[in-house]
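Just so you know, the protein sequences line up as chains A and B, in that order. With the working numbering applied, the first sequence covers 1 to 461. With the working numbering applied, the second sequence covers 1001 to 1461. Positions of the beta carbon are idealized from the N, C-alpha and C atoms, including for glycine. Quantities reported herein were computed from a predicted structural model and do not represent experimental measurements. Written below as structure tokens is the structure these notes are about.
Number of protein chains: 2
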Amino acid sequence: MNPIATRPRVIIIGSGFGGLFAARALARADVDIRLIARTTHHLFQPLLYQVATGILAPGEIAPATREVLAHQDNVQVEMGDVTDIDLDARTVTAATLGVARTYGYDHLIVAAGANQSWFGNDQFAEYAPGMKSVDDALELRGRIFGAFELAELAAAAGRDEEAEALTTFVVVGAGPTGVEMAGQLAELSRRTLRHDFRHIDPRTAKIYLMDAADAVLGSFDESLRDKTRTALEKLGIDVLLGAKVVDVDARGLEYEDEAGERHRIEALTKVWAAGVAASPLAGRLAEQVGLTVDRAGRIPVRADLTLPGHPEVYVVGDMVALDNLPGVAQVAIQQARYAASRIKATLGGKPVTEPFSYFDKGNMATISRFRAIAEIRRLKVTGFPAWVLWLGVHLVYIIGFKSRVTTLLHWLVSFLGRGRSERNITEQQIFGRLAMNRVSDLPEKAGRNVGWLPDGEDQGS
Amino acid sequence: MNPIATRPRVIIIGSGFGGLFAARALARADVDIRLIARTTHHLFQPLLYQVATGILAPGEIAPATREVLAHQDNVQVEMGDVTDIDLDARTVTAATLGVARTYGYDHLIVAAGANQSWFGNDQFAEYAPGMKSVDDALELRGRIFGAFELAELAAAAGRDEEAEALTTFVVVGAGPTGVEMAGQLAELSRRTLRHDFRHIDPRTAKIYLMDAADAVLGSFDESLRDKTRTALEKLGIDVLLGAKVVDVDARGLEYEDEAGERHRIEALTKVWAAGVAASPLAGRLAEQVGLTVDRAGRIPVRADLTLPGHPEVYVVGDMVALDNLPGVAQVAIQQARYAASRIKATLGGKPVTEPFSYFDKGNMATISRFRAIAEIRRLKVTGFPAWVLWLGVHLVYIIGFKSRVTTLLHWLVSFLGRGRSERNITEQQIFGRLAMNRVSDLPEKAGRNVGWLPDGEDQGS
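Right under this line is the structure:
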């Protein structure tokens, strides 16, 4: 019944850069691929902050995985959460809606990525959501635009202090995601929203970018870090370095400076872009081969990306601790292609002996419209040329022609114009989450006034 | 402090066609407008089905109300749920996140619209969501695309009966929304998804369009109804007329035919596009002036759209029972403009005596790409010419230039190509709603198998 039943079975776990590019690299291989992922889409994570800030729609950065692979006949895509891998039995167990099933494999590529990490303070997550999934971005979108709505009401009622806390945004983590998020919050408040309100001036919104380290974009060259910091400050962003977050609650956040002094910022909207932790599958694999994961939960694979004693199992991308490689798309893509090429070579009977080596194509981050930084080996580019480079590279890497065209159009509208078309707050957010986080969790003031909204007096102007 | 404090205060309730067009029609009036709405967007409801079926992003049909009105200085937009209107005191009470406030008015335009109605069977709503809000559309989007994902898993495990129920869709209500939804489900399954799966053939998905009445598009001319029905059947849609839904559950739906016989359809995904009920505010108003609302909860206003004894209060749009006018955008828009013109005339000291009269610009519905029907007074248009007309009219009425451009582009991609870019299922839907509706609510079969998914056996092909 199944004509491909006798071909070698390759299981790929994950539909991120690692999983998707592994599947594509095996397009012409005589194998039977099963790609299992928790979500039904491939997520172009570097642009997630644009979904959170209302520029792009989720579909533009998250095409359905099975659509991307529709015409690759040797792959089947399956929605499922991989709960276990048994290296000895060579099986993967996946569950969907609580129902588990187990599949055998001949080759395995594990590309389950990383989740946000609050460094052991998971209770922060409710008040300072991460930036790793489409859900995160939509949650933040609702919170950001919702905060301005609530601030308008607070200001109309003369509660300026509350309005200020509602228009204060703290981004924790000054890596590329944090820098881009803070930059877009500045663009949003200074440009997009400037004419939209009557009682608040969105241009006065306070934006903090905070990191425990002593530089922004720590992984970049020092000259670029300094330029980025200056550019961010010109946008009106307060850059707080050497600032370690020690507490987060509904109304704000506390941090310790380098002198050990504690400070508090009253801010309703917090974004956590600080740390990542590899998928727990890395730990499950490490256990079985006697390895120990590093602080970020990553597994120290062999130089050929396999596990000791298991040349049929590759781990790629953010789950891997190897040569201090950064957790970026390029690493995952190159590792995925390397793993795929080894599998193909094995099938052809020609074992590959060269270890994986990373070719650093460079690194970039946008700061605001028309302004970015990029380093391509020794070349450092800043300002408009870097931004054009950023634009080109991102358009090339976005999956699919349509996404490219609509995304370019949304960028034209947002960068040349002032608009953002994706500003929706769902009713679920207004009546569910927003209400939960913003009101019932807040200590109640006297009477009916819960502190963040005008009270019941006649405001009829 | 407030330079406009002495101008007449106009409160508008609602940001739909009625509310938004009333505000715009008062753009040059020397008044102080407060527009209060539950959601922060204006919703272009006629295209909601395209959000549900993955063609458009919410932002394209739901621009932020305050963005649309950003440059109209005499209006302030406020997120709030109007909980009460006191006609004698001339006050409106609104609540946001549980905090109430009361505003006085000199003129009031109530345009709170209508909600979905399950005709007294609100327990159906969980299994057959309505099609009235962005939340509804996103919920249905997740259910529709999720159903195909689950069907692929069921078919892979050889559970064909389950796969069939998972790829069976029932649309209840054969008005324009129901017809357009059914048509798009056909396009989606027959064209968009045809290459995406390995174990199911989406082209065999069953689509039912059901109505208790004996015709589709009851409000249209008979010749158009027949043509629509034929066109739908050509698309492979089963049109069931004279079919009254008597029960809906997680797994399917039961209906009574005209002979009083009961039938059951096994279908995981049900869409309710059958009835509407006016906002409860209509009832609150009716009480205060001694009127009775009709079966759909609408208030019988005077010929000038005011309430008896309250020439300062207008009710417009879907809340109004007047001359059997249909619940369409044109009626709401024209009523809103009429109310605004009367308010302006009153301000100028020239009372208007002409009653409201509706100018029927015509009516249209799409069936599938390149195919629509339209009636413009005596003129009946079908097929491609009607579709071109539909395209033009909808592009003109979509608010804002950017929305027009991106929407046209998404249409090009969807109608000329095959793709749909907005196919996302959120994780919340996968792990929350989908799981809830699809599994835990279903009677459990033997052992770990809950019925809609492959069980735990090794499926390794």
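As assigned by DSSP and simplified to three states, the class of residue i
i, result
"L240(A)", "strand"
"I399(A)", "coil"
"F169(A)", "strand"
"R1007(B)", "coil"
"R1298(B)", "coil"
"V1413(B)", "helix"
"G98(A)", "coil"
"I1144(B)", "helix"
"V1328(B)", "coil"
"L153(A)", "helix"
"G1317(B)", "helix"
"R251(A)", "coil"
"E126(A)", "coil"
"L1138(B)", "helix"
"P1280(B)", "helix"
"E1422(B)", "coil"
"R24(A)", "helix"
"V1245(B)", "strand"
"E261(A)", "coil"
"G1158(B)", "coil"
"L291(A)", "coil"
"V179(A)", "helix"
Own chain residues within Cβ distance below 6 Å of residue i, not counting five before or after
i, result
"I376(A)", "G362"
"K344(A)", "A29"
"F17(A)", "A329, A332, I333"
"L20(A)", "H42"
"T83(A)", "T93, A95"
"Q76(A)", "R34"
Residues that residue i bridges to, as DSSP identifies them
i, result
"G1275(B)", "S1117(B)"
"M210(A)", "V172(A), L240(A)"
"G104(A)", "T91(A)"
"T1269(B)", "F1169(B)"
"S1013(B)", "The sequence given here has Ile at residue 1013(B), not Ser. Per DSSP, I1036(B), V1110(B)."
"T1306(B)", "Y1314(B)"
"E256(A)", "K244(A), R262(A)"
Of the listed residues the options, nearest to residue i (C-alpha basis)
i, options, result
"L188(A)", "A174(A), V320(A), R203(A)", "R203(A)"
"V1031(B)", "G1173(B), G1348(B), V1315(B), F1148(B)", "G1348(B)"
"F959(B)", "S1223(B), A1151(B), D1226(B), L1235(B)", "This structure cannot speak to residue 959(B), because chain B is shown only from 1001 to 1461."
"A1282(B)", "R1295(B), A1274(B), K1270(B)", "R1295(B)"
"A1205(B)", "V1216(B), W1411(B), L1193(B), D1211(B)", "L1193(B)"
"A1340(B)", "E1258(B), G1173(B), A1022(B)", "A1022(B)"
"V110(A)", "R264(A), L56(A), D160(A), Y314(A)", "Y314(A)"
"P1008(B)", "G1014(B), R1034(B), A1025(B), S1015(B)", "R1034(B)"
"V171(A)", "E78(A), G252(A), T292(A)", "G252(A)"
"H1199(B)", "G383(A), D73(A), S421(A)", "D73(A)"
"F1148(B)", "L1185(B), Q1123(B), S1223(B), L1391(B)", "L1185(B)"
"A156(A)", "T1230(B), I1399(B), Y1103(B)", "Y1103(B)"
"H1394(B)", "P1385(B), R1190(B), M1364(B)", "M1364(B)"
"L1108(B)", "A1374(B), V1413(B), A1062(B), R1342(B)", "R1342(B)"
"G14(A)", "I55(A), A278(A), R191(A)", "A278(A)"
"V1413(B)", "I1011(B), I1055(B), P1046(B)", "I1055(B)"
Other residues of its chain near residue i: CB distance less than 8 Å, five sequence neighbours each side excluded
i, result
"A1125(B)", "Q1116, W1118, W1272"
"V1289(B)", "L1087, L1307, P1308, G1309, H1310"
"A496(A)", "Residue 496(A) lies beyond the residue range present for chain A, which begins at 1 and ends at 461; the question has no answer from this structure."
"W1387(B)", "T1366, R1369, F1370, R1371, A1372"
"R262(A)", "V246, E254, Y255, E256"
"A213(A)", "A174, L241, G242"
Residues of its chain near residue i, where Cβ-Cβ distance is below 7 Å and the 5 sequence neighbours each way are ignored
i, result
"A965(B)", "The structure shown does not extend to residue 965(B), since chain B is modelled only from 1001 to 1461, so the question has no answer here."
"P351(A)", "A345"
"G327(A)", "A114, V276, D318"
"E258(A)", "G242"
> Enumerated in chain order, which unbroken segments of the beta strand (DSSP E) with a length of 3 residues or greater are wholly contained in the segment 1034-1091 of chain B?
Replying inline: 1075-1079, 1081-1086
>> List, from N- to C-terminal side, the alpha helix (DSSP H) runs of 4 residues or more that fit wholly inside the segment 1336-1409 of chain B.
In response: 1383-1397
>> Runs of 4 residues minimum, wholly inside the segment 1182-1236 of chain B: which ones carry the alpha helix (DSSP H) assignment?
In response: 1222-1234
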